[in-house]
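All letters in the sequence shown, in the order written, are residues 425 to 889 by this note's numbering. Have a look at the structure below before the remarks.
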Amino acid sequence: MTEYNRSIVQAPAAPAARTLIRGATVLSMDGDIGNLARGDILIEGSTITAIGENFEAGDAMVIEASGMIAMPGMVDTHRHSWEGQLRRINPNAETLEDYCNATHFSFAKYYRPADMYIGNLLTALGCIDAGITTVVDNSHNSRTGAHSDAAVEALLDAGIRSVHASGAPVSGEWDKAHWPGNLERLQEKYVKNCDNPLLSLAVMAQLEPELWAEARRLGLPIITEFFGGEMAAELEGLHREGLLRPDNIFNHCTALPDAGWKILREAGVRVNVCPRSDAHYGIEDGMFAMQSAKRHGISPGLSVDNETSYSGDMFMEMRVAFYLQRVMGMHQQRCCGAEHHPVTLPAHGLLKAATLDGATCAGLQDKVGTLAPGKQADLILINAQDINLYPSGNAFGTVVHAAERSNVDTVIIGGRIVKRGGKVLGVDSERLRAAIDESREHLFAAAGYQPDIFAETFIPLESAK
Numbered sequence: 425m426t427e428y429n430r431s432i433v434q435a436p437a438a439p440a441a442r443t444l445i446r447g448a449t450v451l452s453m454d455g456d457i458g459n460l461a462r463g464d465i466l467i468e469g470s471t472i473t474a475i476g477e478n479f480e481a482g483d484a485m486v487i488e489a490s491g492m493i494a495m496p497g498m499v500d501t502h503r504h505s506w507e508g509q510l511r512r513i514n515p516n517a518e519t520l521e522d523y524c525n526a527t528h529f530s531f532a533k534y535y536r537p538a539d540m541y542i543g544n545l546l547t548a549l550g551c552i553d554a555g556i557t558t559v560v561d562n563s564h565n566s567r568t569g570a571h572s573d574a575a576v577e578a579l580l581d582a583g584i585r586s587v588h589a590s591g592a593p594v595s596g597e598w599d600k601a602h603w604p605g606n607l608e609r610l611q612e613k614y615v616k617n618c619d620n621p622l623l624s625l626a627v628m629a630q631l632e633p634e635l636w637a638e639a640r641r642l643g644l645p646i647i648t649e650f651f652g653g654e655m656a657a658e659l660e661g662l663h664r665e666g667l668l669r670p671d672n673i674f675n676h677c678t679a680l681p682d683a684g685w686k687i688l689r690e691a692g693v694r695v696n697v698c699p700r701s702d703a704h705y706g707i708e709d710g711m712f713a714m715q716s717a718k719r720h721g722i723s724p725g726l727s728v729d730n731e732t733s734y735s736g737d738m739f740m741e742m743r744v745a746f747y748l749q750r751v752m753g754m755h756q757q758r759c760c761g762a763e764h765h766p767v768t769l770p771a772h773g774l775l776k777a778a779t780l781d782g783a784t785c786a787g788l789q790d791k792v793g794t795l796a797p798g799k800q801a802d803l804i805l806i807n808a809q810d811i812n813l814y815p816s817g818n819a820f821g822t823v824v825h826a827a828e829r830s831n832v833d834t835v836i837i838g839g840r841i842v843k844r845g846g847k848v849l850g851v852d853s854e855r856l857r858a859a860i861d862e863s864r865e866h867l868f869a870a871a872g873y874q875p876d877i878f879a880e881t882f883i884p885l886e887s888a889k
């Protein structure tokens, strides 16, 4: 497959002129709006215009939502979407090197634009299915301009709100001549003078001042895989030179000393944390950095990171965050007498991290992350009458500690209904699976990989050396 099939997903219908969501339990995540045990949400086109009780439907299309929980769509602030077809290929990975052996050092080198397209498409559709309406796509396999185009077009075709961050590959041969010029080319092709309201751009870059300068010339946020224990020593110099700014987004931030957190806070750097990824791959101390961030006045977003070892849903991310925080707090307080032991995260705080804090990390807090008049209509309905959720003794507890992908009944992005009745709309499942299978067959053959669905370890490939 040298070209990719853009007819796998039919474009969702345009937003209705007026849509009324009626009778839902509303978790607005907005301090002024608050929560409603039974409320209505009025949408006009792509925008929420009113939230209250007992609205008249008039000529609006009505979504009866009695027994459902309405909340903002979740925001995944850091996902390597191109890896979609490599789901769970390496479930027992213990280190970052294990992760790289099954991605950067092997299959990544053989990705065609078609593989980028299907990886991004599958990831984006999986996000929508799981109630994630915005994804920050960390695309560190942009081997050519065509690879970047394919990644962007998959996000557009899926109908998800996205921040596409083009990034240089980690290994293998690639077209270095297109970098960083690819950034401006993407901006001209897909953002300027284009009607792509769901798409924005960023750049993936490590601590590379020249590349940061180019990103800033173009007005693009800068996303960095930041491992605090390893990279903290660089912060003081960067801060002194005025290179750390609110357009920086740092992933992970594990094991960062207090002095480093103070610098991030002073500079306004945005942060996301990775509860599962940091633990799964034993990144530095293995503990996600929520507590340290909050102690220094930073409210980070949550991120899934990748799906090569585990699932792609934010429900599990919130739960892992809760239990890691709880057990580490108990351990440090009772066993070690630690002054700054982790504090248990309440359900409301975890949902805020998955919605508003994620939107802030993505730079989209003025558009999404809460339900309020003037915000984009990016929201989900969770069916609290499903057998695993009923009765719902606490709305926040139901979402954070019990809900799962199958309970997401409806997903609306920019006023467009993209999931309804528990089904993602417009997807030709047969074509989708065929494209995934073709991509995997190509990648496996090119890398010399013999698939074994019962394997306990991913053995590094000869082609990776």
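Yeah, the Cβ is synthetic: ideal placement off N, Cα and C, and Gly gets one too. None of these values were measured; they are calculated from a predicted model.
Supposed close pair residue i, residue j - CB separation, criterion 8 Å
i, j, result
"ALA517", "SER723", "Actually they do not touch by this definition, with Cβ atoms about 29 Å apart."
"CYS698", "HIS676", "6 Å"
"CYS524", "GLY736", "About 19 Å separates the two Cβ atoms, so there is no contact after all."
"VAL559", "ILE584", "6 Å"
"ASP420", "ILE646", "Beyond the ends of the chain as shown, which are 425 and 889, falls residue 420; an answer cannot be given."
"ILE841", "PRO496", "In fact, because the Cβ distance is near 16 Å, the residues do not count as touching under 8 Å."
"ILE687", "LEU668", "7 Å"
"GLY793", "THR779", "5 Å"
C-beta contact flag for residue i and residue j at 7 Å
i, j, result
"ALA827", "PHE739", "yes"
"TRP506", "ASN429", "no"
"GLY469", "PRO439", "yes"
"LEU788", "MET742", "no"
"ALA801", "ILE836", "yes"
"ALA574", "PRO633", "no"
"ILE513", "ALA526", "yes"
"PRO604", "LEU635", "yes"
"SER563", "ASN606", "no"
"PHE674", "VAL695", "yes"
"ASP500", "PHE479", "no"
"GLY839", "GLN434", "no"
"GLY508", "THR547", "yes"
"HIS663", "ALA691", "yes"
"VAL594", "HIS528", "yes"
"GLY684", "GLY653", "no"
"LEU856", "ILE556", "no"
"HIS755", "PHE820", "no"
"ASN831", "ILE804", "no"
"HIS502", "ASP852", "no"
Sheet register partners of residue i (DSSP bridge)
i, result
"VAL615", "DSSP, once it has assigned bridges, lists no residue as partnering VAL615."
"ILE584", "The partner list for ILE584 (beta bridge, DSSP) is empty, contrary to what the question assumes."
"THR471", "GLU468, GLN800"
"ALA589", "ASN562, ALA626"
"ALA494", "VAL450, LEU805"
"ARG844", "LYS847"
"HIS676", "PHE650"
"LEU460", "VAL450"
"VAL832", "ILE806"
"ASP729", "ARG503"
"GLU521", "DSSP output for GLU521 lists no bridge partner at all."
"GLU658", "Answer is none; GLU658 lacks a bridge partner."
Close Cβ partners of residue i (< 8 Å) along its chain, the five nearest in sequence each way excluded
i, result
"SER816", "THR449, ILE493, ALA808, THR822"
"PHE878", "none"
"VAL386", "Since the displayed the chain opens at 425 and closes at 889, residue 386 lies outside it and no answer follows."
"GLN630", "THR648, GLU649"
"THR568", "PRO537, TRP598, ASP599, HIS602"
"LYS776", "MET453, SER723"
"ARG829", "ASP553, ALA554, GLY555, ASP737, PHE739"
"GLU658", "LEU631"
"GLN749", "MET714, GLN715, PRO766, VAL767, THR768, LEU769"
Neighbourhood of residue i by C-beta, 7 Å cutoff - its chain only, sequence neighbours within 5 removed
i, result
"GLU608", "LEU642"
"THR881", "ASN516"
"LEU885", "SER530, ALA871, GLY872, TYR873"
"LEU610", "SER572, VAL576, SER590, LEU625"
"SER887", "Legend: pLDDT at SER887 = 45, less than 50; position of this residue unreliable, no value from coordinates given."
Own chain residues within Cβ distance below 6 Å of residue i, not counting five before or after
i, result
"GLY846", "ASP833"
"TYR541", "TYR428, ALA574, ALA578"
"ARG511", "GLU731"
"LEU545", "ALA578, ALA582"
"ILE883", "none"
"GLY417", "Any answer about residue 417 is impossible in this case: the structure gives the chain only from 425 up to 889."
"LEU447", "Reading off the sequence shown, one finds Gly at residue 447, where the question assumed Leu. Within the same chain, GLY447 has close Cβ partners ARG462, ALA489, SER490."
"LEU867", "PHE531, TYR534"
>> With three or more beta-carbon pairs closer than 8 Å as the criterion, would you say the stretch 617-628 touches the stretch 583-599?
In response: yes
>> Across the stretch 706-725 and the stretch 472-492, are there enough close Cβ pairs to call them in contact, namely three or more that are closer than 8 Å?
In response: no
>> Between the stretch 712-729 and the stretch 777-788, can you find at least three pairs of beta-carbon atoms closer than 8 Å?
In response: yes
> Would you say the stretch 455-462 touches the stretch 867-875, given that touching needs at least three Cβ pairs under 8 Å?
Replying inline: no
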